[in-house]
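I have placed the structure first, in the form of structure tokens, so that the comments after it can refer back to it.
In the numbering used here, the protein residues as written are 1372 to 1524.
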């Protein structure tokens, strides 16, 4: 996974902080919609949990939103509740090659990364699959792009 701190700085900072805290280790993908998304990052496994804090929805900033990747296969975005500033730890990965499936999501969620290797593994994931270990790869002090995330299943 490649992260885009220049496009979603607060989101990437939050995501990397959670990785460094080993927050995601052992969590499951609690939501799977075939040919649409797989979602994880909820410590409760129900879709309603988080880290105990929320972050701003950076998609609300027109300058950042203009640079954010559109939803398409491999794009990673923060999941949230109905309020724009309600994202915490849950994220989803887009699974469909048809951008039209994601039309209603564009501009409504913060997209902050993309799967750059291993999409074939992501395609095989399902509800209940576990993120055994999540680590940052190639991170430097300033988190200059691109930063990669490695997972083991």
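Ideal Cβ placement from N, Cα and C applies to all residues, glycine included.
Asked	Found
Nearest-angstrom beta carbon gap, residue 1396 and residue 1502 [assumed within contact, 8 Å]	7 Å
Residue 1466 - DSSP class collapsed to helix/strand/coil	coil
Residue 1499: CB within 7 Å of a non-hydrogen atom of the ligand NAP	Ligands in the displayed structure: none, and consequently the ligand NAP is not present.
CA-to-CA distance, residue 1493 to residue 1415, given in whole angstroms	21 Å
Residue 1411 - partner residues in DSSP beta bridges	1400, 1462
Whole-angstrom distance between residue 1409 and residue 1496, CA atom to CA atom	8 Å
DSSP three-state assignment for residue 1382, whether helix, strand or coil	helix
Nearest-angstrom Cβ-Cβ length linking residue 1458 and residue 1428, presumed shorter than 8 Å	6 Å
Classification of residue 1400 by the beta-carbon crowding that lies within 10 angstroms, buried from 16 upward	buried
At least 3 beta-carbon pairs within less than 8 Å: the region 1429 to 1440 vs the region 1468 to 1482	yes
Candidates 1392, 1471, 1468, 1447, of which the one nearest residue 1382 by Cα	1447
Backbone CA spacing between residue 1384 and residue 1375 [nearest angstrom]	10 Å
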